[in-house]
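Enquirer: Next up is a structure, given as structure tokens.
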Amino acid sequence: RKIYVNMPPPASEYDDKGNLIDHSYVPNRIRTAKYTPLSFIPKNLFEQFRNIANLYFLFLVILQCIPLFGVTEPGVSAIPLIVILIITAIKDGIEDAKRNQSDQKVNRAKTLTLSHWKNVNIPEETKSRFHALHVALGFFCMLAGVDNKYTHAYRLSTAKDVPVSKVELNFDDDKSPLNEVDENASSESASLNDDQQQQDFLAPPSSSASASPAPQQQKNFLGKVRQRSDTIGSAFNSMFASAARRKFYRPGTIPHSEVQWQDLQVGDYVMIRNDEDVPADIAILSTSEKDNLCYVETQNLDGETNLKVREGLKATSELRSVHDCERAFFYFESEPPHANLYSYNGVMRWNIEQPVEDQEEECVSHQKTEAVTYNNLLLRGCVLRNTRWAIGIIVFTGDDTKIMLNSGKTPSKRSKMAKATNPFVIANFILLAILCIISSALASAFFSAPGSARFFDFGIEGSSGSYLGFITFWVTLILYQNIVPISLYISVEIVKTLAAYFIYADIDMYYEPTDTPCIPKTWNISDDLGQIEYIFSDKTGTLTQNVMEARKGTVNGVSYGIGKTETSIGAEIRRGSIYSEKDLDDANLSDLDEARRQMYQKQDDLFENKYLGPKPTFIDPKFFADLGQQNAHSTAMIHFFTTLALCHTAIAERPDKQNRHIIDYKAQSPDEAALVASARDLGFVFLGRESNTLTAEIMGEKKKYELLNVLEFNSTRKRMSVIIRPHDSDRIVLLCKGADSVIYERLCSDFGDQHELEKQQVDLQASTTEHLEEFANEGLRTLCLAYRFISPKEYKTWNRRFQEASAAIYNRDEKIEQVSEEIESNMLLMGGTAIEDRLQDGVPETIAKLAQSGIKLWVLTGDKTETAINIGFSCNLITLDMELVIVKADDRDDTLVELEKAIKHTDSLVGEKRCALVIDGTTLKYALEPKTKDLVLDLGMRCASVICCRVSPKQKAQVVNLVKKGLKVMTLAIGDGANDVSMIQEANVGIGISGVEGRQAVMASDYAIAQFRFLEKLLLVHGRWSYLRTAEMIMGFFFKNIVWTFVLFWYQIFCQFNGSMMFEYALVALYNLIFTSLPIIFLGIWDQDVNAKVSELYPEMYRMGLRNDKFKPWRFYMTVLDAIFQSSVCFFFPYMLLLGGPLEPQGRDQNGMYELGTIVSSIAVIVANFFVMTSLYSFTWIQQFIIWISILVYYAFVCIYAQFNTFIFAGHDVLFGTGCYWMMLILTIVACFLPRISAMHFLHQYYPYDNDIVREQ
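In this text, residue positions in the sequence shown follow the UniProt record's numbering: the first is 1, and each later residue adds one.
Quick look at the structure:
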């Protein structure tokens, strides 16, 4: 898209009718709500009738409205369906109303925009003769939630002209930015200057200024630069030149006004003030900071709380006042909207007009460009911080903004049990079809039977057996409809919603330091948590804290840093140390405190470090002794730590305005912040960045460096570089830090005749490699540092290509990476760093419990093999009794050989030792190919633990997919960073950890937790409970429906299968809805086999879910047989006992069709509710209360309904007043449950489940 500012679009942008082409941009109004007032009823009904069960019951309701089928009260038959639809609609409506309120709050937020200024990108509104019709259509379109030209016409017609008022701003609360480089800067004077600049932008000129414009100010702004096309100043000046001839500033006009976000449009000027939210995606033109930088918090976008630097465009950095905004003319070429938060390609273009020498009237015009990148963009949802104001042009609005393009729902997931229920529902449909076919066939056969039936049917049953059979099929379909459980789906949804709430409210999974509970984001898969067989975990930030501490380093071949890491202490204990972990840790801390005191005493002797942090982590007393030697090695040390202080993109913040020597670093990764902080503690202090100048204090001496280029880090490059030029030197230096494997590939290999340098570098590479391996063995994360000098000629040539690549609109990232690759070569190694990332609390214990429960854990990490192995030992993933199987290969053939060798090796150890597999990323790349992926799967299954090292995000997802599809098992992926998102979405259940790396993983996950240890309770307690409850609940639903249906079927034997219903229809309608629904739902909500503490004490009980003990097909079919048996007892016992005639003392009839039906229905209701009682593990008062109250509601309904329905139901309450009825009731119920209780006792004694054994103990 092209966005024009103060310049009319060219003729090519208009069509034949004079209308702008492709300038109909989406409005800035957003709508995340699913429904509108007009669409709620039809859309909600459509959503609900996509459920096949609801469609089936709708079909039955329609059937019952046909008089031929003999339903006397078809309205009553619709009650269950209507209630289900209404309950679901209310739930959906409440959820959507909340979303709608949130939308309105956002749409009506206020921001500042330039007023009395024409946005040329918006087509002019013209009122046609059909304008009134367009407004009327717009009203209905608005109700339907559609944004189009009619909606726009309606909003314009209803908009009120609000008088524009001047907006007063007060920045006294924030007088100096946190990132001030000079600690002695006067915040008052800085504030004064900025307030003056602010007034220039905000207020129109005073009356005196209007009368006689100040020529000095005009000269100061436009006349102080020479007319040369290659300077930024002249470029900006030229942007104003021809605009000034066409458009003049209007004194006295109000400069800008507050407008609602929903009224903003593409191409509008916007001014954002400190701590304000960004209303749309905006290209930054200028900011209040001298270096045209601003700082944003992106927490709403990606969850990261650290501040990010964004930069205004160089060409518009002098844009300050309303006058400037009205006179500047330029246009943007932008790529179309896309969802990638970390990529944007665009370019700003403007024309330069220069007078031709000796010809005053003629001008030469040519075009200038400047690249607009992701760093020049403020995205909707960000918050401006530590910056008084920023001015920008809106590039994307509404649904085109990146935050809205990323708000797509996580792929919908269905639980394993929900999928497994479908075959059972189909089996019920088959059973229904069989019953209907049997009934219609027998009715047809009985049509010609001898007897008097034909004289009394009055032609209702037709003239032939086949016709009667056809009618009977549909009649019995209505009669047996309850065999399909209409309320099953809504009941399961209610239960899972409450299960999600219990998970959210569990105080044991609440993490107080970050005020974070466990947040279920997908509510319908809680039972899957009880069937997880494989867990795939990231390491950094998931198993570890992601709080980095720089502990050790190797400089010029000498290793520095003392103290034992958590991993090395764990290794000592495994080797059989006589001391406990606590004793070793205390001794280590004591030694470090003494060494720290000695070390910083030596530092004070060398120089004063005013910026020393409160808790230095890099400890080694010999460091400052070597630094003070003033030899080649000390020079190498100075270069190394100066590189650490300069090679980064961190922001230096001064949180304490009283003490400007306290500096905190905010970086995009914890590693980077830790390295810059350790350099600060050692006297190499990064003070801050102003424009392209880096300021650092090196051993007490302040130095400045010109920052020429930053080659940023990404997961593909695995390195970042800066190109700088010291102010006191002309030499250009490239400083690079990155993973050792990446840096070593780019080191100089051709030294020419510099043999001494070659020998020195070869020795340094060997010693550094050795030291890095030692650091990795201690569980530390390692990085390498390298540098190279660049000649001015080479730099000039390269920089031109780099700027061209940066200005490219298409494939910009690939072009920049290609150009960066050219300069990051022939580097010289300086040394390496080692950072400790300590394990989170409770990780070893949690992993041990998960292993006991039968869950296999695979760790997928980007770390080196040695680091990963040692972390594996620390966290109990690998134990001393395991055989370590390491698979490492460099090509396809080697990979095949290594895998086959590893499988043979593991086969030889079966029954002797458990194995742990370690495989690296290169090997995995070949191993995941179709030819060898089955071997990897086979090998992984033979191992108790698996660690995959140096894996990419894509490989993580491939590994999860391999196990999920190859073994057809339930998988869970847990991670905390953007690199874990693909793995989380691939797994059956995705868990995001809300840690230091941001919230990309959380946003893509099904459950969000704060610590890895919470996984234990989430799976072993909540997951197991949910699995057991859901399994018992679904079985209970099928049981009660089959009992009721077969009671009706048995009666057909005695009425020639003509479809007569022995129950009053109200009982049929309310059976599922009221009489039997609550007990089974409460079982699904509250039931516990054992409490949470016992569940965690016996993790082996989790294996019930792995084996799917409670939801096997044979259990379903046994439940069906039990239901058929109990239904026959429910019918035939009362039938046989009442066959002889009336037993009522007053002589009332008890064996009529409806009387028998009422007696049998009461028994069926009690049997269905008692089935729940036999399925319960915990007989709590609330469960017992709900069961008995459901039975009492049945009796209360019959007694009340009998007073009103006088035709067939009058007096039925009397049936319950005889002793005979209650004796019959007791006898029938005992007969029903005797086989079930006997079978349960037998299985409990001889084939107990795991939880049965634990419950007995």
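Each residue gets a CB set at the ideal place from its N, CA and C atoms; glycine is no exception.
1. Which complete beta strand (DSSP E) runs does the segment 747 to 814 hold, if anything under 3 residues is left out?
2. In this structure, what does DSSP give as the bridge partners for I3?
3. Within the continuous alpha helix (DSSP H) that includes K98, where are the two ends?
4. Going by DSSP, which residues form a beta bridge with W1188?
5. Express the C-alpha separation of L319 and L877 in angstroms, rounding to a whole number.
6. Indicate the three-state DSSP secondary structure (helix, strand or coil) for E1256 in the structure shown.
7. Hey, could you find the ends of the beta strand (DSSP E) Y56 is sitting in?
8. If we call anything under 8 angstroms between Cβ atoms a contact, is L708 one with R725?
9. Using only alpha-carbon positions, find the residue among I503, V1129, R1115 that is nearest to A1239.
10. Can you tell which of H755, M1104, V960 has its C-alpha closest to the C-alpha of R1024?
11. Taking DSSP as the reference, what is the three-state secondary structure of D174?
12. List the endpoints of the continuous alpha helix (DSSP H) containing S1095.
13. Work out the CA separation of G992 and S415 for me, nearest whole Å.
14. Taking just the CA atoms, how far does E333 sit from V106?
15. Please list, in chain order, all residues of the same chain as H639 whose beta carbon is under 8 angstroms from its beta carbon, the five residues on each side excluded.
16. Consult DSSP for L917 and reduce its assignment to one of helix, strand or coil.
17. Going by alpha carbons, who is nearest to Y480 out of T522, I434, N524?
18. For the alpha helix (DSSP H) containing R1029, list its first residue and its last residue.
19. Which residue wins for smallest C-alpha separation from A650, given the options A696, V946, M637, K901?
20. Would you check if the distance between the CB atom of I1074 and the CB atom of V1193 is smaller than 8 angstroms?
21. What residue from Y1007, L962, I122 has the CA that sits closest to D976's CA?
22. Taking the alpha-carbon of G911 as reference, which of D920, D664, Y1154, R942 has the nearest alpha-carbon?
23. Using the Cβ count rule (16 or more neighbours within 10 Å means buried), how would you classify K98?
24. Which class does K622 belong to by DSSP, given the choice of helix, strand or coil?
25. Which residue wins for smallest C-alpha separation from Y4, given the options K118, F1012, V897, P1099?
26. With DSSP as the reference, identify every bridge partner of I535, one or two as the case may be.
27. Thinking just about the alpha-carbon of each residue, which of I809, D980, A441 is nearest to the one in S464?
28. Give the range of the beta strand (DSSP E) segment to which E697 is assigned.
29. Check S210 in the structure and name its three-state DSSP category.
30. Closest to S317 by CA distance: which of A390, R385, A667, P279 is it?
31. Might you give, ordered along the chain, the residues of its own chain that have their beta carbon closer than 6 angstroms to the beta carbon of P1079, omitting 5 neighbours on each side?
32. Just how far apart, CA to CA, sit K965 and S952?
33. Quick check: what's the CA-CA separation for F1242 versus V1068?
34. Measure the alpha-carbon distance for Y510 versus Q1011 and round it to whole angstroms.
35. Smallest Cα separation from D620: which of A89, I809, K602, S634?
36. Assuming G688 contacts E608 under a Cβ cut-off of 8 angstroms, what Cβ separation, rounded to an integer in Å, is found between them?
Expert: In this structure, then:
1. List check, beta strand (DSSP E) in window: 781 to 790.
2. On the sequence shown, residue 3 is found 3 positions in, with the first residue counted as 1. Looking at the DSSP assignment, I3 forms a beta bridge with F332.
3. Numbered from its first residue, the sequence shown carries residue 98 at position 98. Start and end: 79 to 107.
4. Residue 1188 sits at position 1188 when you count from the first residue of the sequence shown. DSSP output for W1188 lists no bridge partner at all.
5. For this step, residue 877 is matched to residue 877 along the sequence shown. For this step, residue 319 is matched to residue 319 along the sequence shown. Their Cα atoms are separated by approximately 59 angstroms.
6. Taking the sequence shown and counting its residues from 1, the one referred to as residue 1256 is at position 1256. For E1256, the three-state secondary structure derived from DSSP is helix.
7. Sequence index remark: in the sequence shown, residue 56 carries index 56 (1-based). In this chain, Y56 is not harboured by any beta strand (DSSP E); it is covered by the alpha helix (DSSP H) spanning 52 to 64.
8. The residue given as residue 708 occupies position 708 in the sequence shown. The residue given as residue 725 occupies position 725 in the sequence shown. Between L708 and R725, the CB-CB gap stays under 8 angstroms.
9. Position 1239 of the sequence shown holds residue 1239. That would be R1115, whose Cα lies nearest to the Cα of A1239.
10. Here residue 1024 refers to the residue found at position 1024 of the sequence shown. Put simply, of H755, M1104, V960 the residue whose alpha carbon is nearest the alpha carbon of R1024 is M1104.
11. Along the sequence shown, read from residue 1 onward, the residue named residue 174 stands at position 174. Caution is warranted here: a pLDDT of 42 is assigned to D174, below 50, making its placement in the model unreliable, and the coordinate value is therefore given only provisionally. Note: D174 maps to coil in three-state DSSP.
12. Counting from 1 along the sequence shown, the entry for residue 1095 is found at position 1095. Here the alpha helix (DSSP H) through S1095 covers 1092 to 1097.
13. Here residue 415 corresponds to residue number 415 of the sequence shown, with the count starting at 1. Here residue 992 corresponds to residue number 992 of the sequence shown, with the count starting at 1. Within the model, the alpha-carbon separation for S415 versus G992 is close to 18 angstroms.
14. One-based indexing of the sequence shown puts residue 106 at position 106. One-based indexing of the sequence shown puts residue 333 at position 333. Each residue's alpha carbon lies about 28 angstroms from the other.
15. Within the sequence shown, the letter at position 639 stands for residue 639. Excluding positions up to five away in sequence, the list reads Y787, M830.
16. Here residue 917 is taken as the residue at index 917 of the sequence shown, counted from 1. The answer is strand: DSSP assigns L917 an E or B state.
17. As a position in the sequence shown, residue 480 is number 480, starting the count at 1. Ranking T522, I434, N524 by CA distance to the CA of Y480 puts I434 first.
18. As a working note, residue 1029 is residue 1029 in the sequence shown. 1024 to 1052 is the extent of the alpha helix (DSSP H) around R1029.
19. As a position in the sequence shown, residue 650 is number 650, starting the count at 1. Of A696, V946, M637, K901, the residue nearest in Cα terms is A696.
20. Translated into the one-based positions of the sequence shown, residue 1074 becomes position 1074. Translated into the one-based positions of the sequence shown, residue 1193 becomes position 1193. For the 8 angstroms CB-CB criterion, I1074 and V1193 form a contact.
21. Numbered from its first residue, the sequence shown carries residue 976 at position 976. The residue with the shortest Cα to Cα distance from D976 is Y1007.
22. In the sequence shown, counting from the first residue as 1, residue 911 sits at position 911. Ranking the options by Cα distance to G911, first place goes to R942.
23. Along the sequence shown, one-based indexing puts residue 98 at 98. Residue environment analysis places K98 among the exposed positions, since fewer than 16 neighbouring C-beta atoms fall within 10 angstroms of its C-beta.
24. For this step, residue 622 is matched to residue 622 along the sequence shown. In the three-state reduction of the DSSP assignment, K622 falls in the helix class.
25. Within the sequence shown, the letter at position 4 stands for residue 4. When the alpha-carbon of Y4 is set against those of K118, F1012, V897, P1099, the nearest one is in K118.
26. As a working note, residue 535 is residue 535 in the sequence shown. The partner list for I535 (beta bridge, DSSP) reads L857, L972.
27. Counting from one through the sequence shown, the residue named residue 464 turns up at place 464. Nearest of I809, D980, A441 to S464, Cα basis: A441.
28. The residue given as residue 697 occupies position 697 in the sequence shown. Here the beta strand (DSSP E) through E697 covers 693 to 698.
29. Taking the sequence shown and counting its residues from 1, the one referred to as residue 210 is at position 210. With a pLDDT of only 33 at S210, under 50, the local geometry of the prediction cannot be trusted, and the value read off the model is given with reservation. Helix.
30. Against the sequence shown, residue 317 aligns to sequence position 317. Among A390, R385, A667, P279, the Cα nearest to that of S317 is on A390.
31. Indexing the sequence shown from 1 puts residue 1079 at position 1079. N1169, V1172, I1186, I1187, S1190, listed in sequence order.
32. One-based indexing of the sequence shown puts residue 965 at position 965. One-based indexing of the sequence shown puts residue 952 at position 952. Rounded to whole angstroms, K965 to S952 spans 20 angstroms at the Cα level.
33. The count along the sequence shown starts at 1 and reaches residue 1242 at position 1242. The count along the sequence shown starts at 1 and reaches residue 1068 at position 1068. For F1242 and V1068, the distance between alpha carbons rounds to 35 angstroms.
34. Residue numbering aside, residue 510 sits at position 510 when the sequence shown is read from its first letter. Residue numbering aside, residue 1011 sits at position 1011 when the sequence shown is read from its first letter. Straight through space, the alpha carbons of Q1011 and Y510 are spaced by roughly 9 angstroms.
35. Your numbering for residue 620 matches position 620 in the sequence shown. Closest by alpha carbon: K602.
36. Counting from one through the sequence shown, the residue named residue 688 turns up at place 688. Counting from one through the sequence shown, the residue named residue 608 turns up at place 608. Between G688 and E608, the beta carbon gap of about 20 angstroms keeps them out of contact (Cβ cut-off 8 angstroms).
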